[in-house]
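According to this note's numbering, the sequence shown is numbered sequentially starting from 7.
Structure first, then comments.
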Amino acid sequence: MGIHPRTRRVGLRLRVVLGLALLPMLMGASARSTNFEVEAPTPEIAQQVARYAEHYRDEIARRWLGEPLPDWPRPCAIRIKMTGGEAGGVTSFGFGRGKMLDQEMSLEGRLDRILASALPHEITHTIFASYFGGPLPRWADEGASLLSEDRRERLRHEQFAADLLARSGGWALGELFTIEEYPQDLMGFYGQGYSVSRFLVEMGGRPRFLAFLRDGMKHNWDAATRAHYGFTNTRELDRAWRSWHLVASRTMPTEPSPGDALVVRAQSPHDHDSR
Ligand SMILES: [Zn+2]
Numbered sequence: 007m008g009i010h011p012r013t014r015r016v017g018l019r020l021r022v023v024l025g026l027a028l029l030p031m032l033m034g035a036s037a038r039s040t041n042f043e044v045e046a047p048t049p050e051i052a053q054q055v056a057r058y059a060e061h062y063r064d065e066i067a068r069r070w071l072g073e074p075l076p077d078w079p080r081p082c083a084i085r086i087k088m089t090g091g092e093a094g095g096v097t098s099f100g101f102g103r104g105k106m107l108d109q110e111m112s113l114e115g116r117l118d119r120i121l122a123s124a125l126p127h128e129i130t131h132t133i134f135a136s137y138f139g140g141p142l143p144r145w146a147d148e149g150a151s152l153l154s155e156d157r158r159e160r161l162r163h164e165q166f167a168a169d170l171l172a173r174s175g176g177w178a179l180g181e182l183f184t185i186e187e188y189p190q191d192l193m194g195f196y197g198q199g200y201s202v203s204r205f206l207v208e209m210g211g212r213p214r215f216l217a218f219l220r221d222g223m224k225h226n227w228d229a230a231t232r233a234h235y236g237f238t239n240t241r242e243l244d245r246a247w248r249s250w251h252l253v254a255s256r257t258m259p260t261e262p263s264p265g266d267a268l269v270v271r272a273q274s275p276h277d278h279d280s281r
């Protein structure tokens, strides 16, 4: 959260020294849409990211909540850093009195990977933050966000889950559900979170998954498991997930994810790096 204001201050000081002519190169460009304010190296990238962000916000909210999200009172800031590699992102939220008060997103990587993987992932976090008005259990927040990513990324996490199970057996679900801090085995954690989220959504649909999370956070996970999935407790659910995983990890859902649904014709990142 502290990065943004600091960058701005440095920018202002440089402006005085170097003059206005150099500003566009130092500050990049920005684009504003109804719900997003994007800072990126070029106006084209800023506009493209803003367009995709609005599209994903609408599409992912419809998938999960059955309707679009109302416009946010303040736009979500997105800062884009172009690098040659895989995409990654982080979104920080401020919550208060059961509401999401502010949010800020940073994304970096190749533009085509940002658009197909990191952006739909982070947008899913923003939809859950708005819907729940507070932080979600990590495994579900990450797992459900991964479900929005493109096929390539989902296959990678399928593999992380398989590797984790082969290596250590993974977390018992009763334990996974209560993990609050990211554990050291981050890939295993993302892999299992993804696989369990996929299992629960395929078994009972998205509304049930959300109701399960709400109940689990408020009461306890055994009771929520019983109420929403009909298993006696998380141990029974754990057993069911493991048998499902043996088969399902080799097949992908036929429904395209939000990240699959757009044909991404992104500009080569090298066009921008040279600036
Ligand atoms: Zn995430």
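Cβ coordinates follow ideal geometry from the N, Cα and C atoms, glycine included.
Closest Cα partner of residue i within the set the options
i, options, result
"M258", "W177, R162, L216", "R162"
"R103", "R57, P47, P141, D191", "P141"
"G199", "G211, M209, A35, I185", "I185"
"F138", "N226, W70, Y58, D266", "W70"
"L117", "S98, E181, G90", "G90"
"Q54", "R85, D221, W177", "R85"
"A146", "E60, V253, E187, A83", "E187"
"A83", "G72, M209, L107", "L107"
"L182", "L153, G236, L243", "L243"
"G210", "N226, M193, T231, F195", "T231"
"P74", "I129, Q165, G197", "I129"
"S136", "L125, K224, K105", "K105"
"E110", "R144, G180, E45", "E45"
"T40", "P76, E50, E65", "P76"
"A168", "S255, G34, R63", "S255"
Buried versus exposed, by CB contacts within 10 Å (16 or more), residue i
i, result
"A172", "exposed"
"E261", "exposed"
"H251", "buried"
"H127", "buried"
"P47", "buried"
"D156", "buried"
"G222", "buried"
"Q165", "exposed"
"L121", "buried"
"L29", "Only weak support exists for where L29 lies, its pLDDT of 49 falling under 50; the value from the coordinates is given anyway. L29 is exposed by the Cβ-count criterion."
"P264", "buried"
"R119", "buried"
"G236", "exposed"
"I9", "Any reading at I9 needs caution, since the residue's pLDDT is 32, under 50, leaving its predicted position unreliable; the model's value is listed next. Under this definition I9 is an exposed residue."
Cutoff 9 Å: residue i Cβ touching any chain B Cβ
i, result
"I133", "Absent here is chain B; the protein component of the structure consists of one chain."
Cβ pair residue i, residue j closer than 9 Å
i, j, result
"S247", "V202", "At residue 247 the sequence reads Trp, which differs from the Ser that was named. Yes, the Cβ-Cβ distance between W247 and V202 is below 9 Å."
"F218", "A233", "yes"
"G115", "R204", "no"
"H6", "F99", "Residue 6 lies beyond the stretch modelled for the chain, which goes from 7 to 281, so this question has no answer here."
"F42", "P81", "yes"
"A67", "G95", "no"
"S36", "A59", "no"
"E92", "A267", "no"
heavy atom of ligand 1 below 8 Å from residue i C-beta
i, result
"S201", "no"
"E148", "yes"
"E128", "yes"
"H163", "no"
"S112", "no"
"H131", "yes"
"S2", "Nothing about residue 2 can be reported from this structure: the residues present for the chain run from 7 to 281 only."
"S123", "no"
"S151", "yes"
"G194", "no"
"G197", "no"
"G95", "yes"
Check: residue i C-beta below 8 Å from any heavy atom of ligand 2
i, result
"G115", "Although ligand 2 was asked about, the structure shown includes only ligand 1 as ligands."
What ranges does the alpha helix (DSSP H) occupy inside the stretch 115 to 189, keeping only unbroken runs of at least 4 residues that lie completely in it? List check, alpha helix (DSSP H) in window: 125 to 138, 144 to 152, 157 to 174, 179 to 182.
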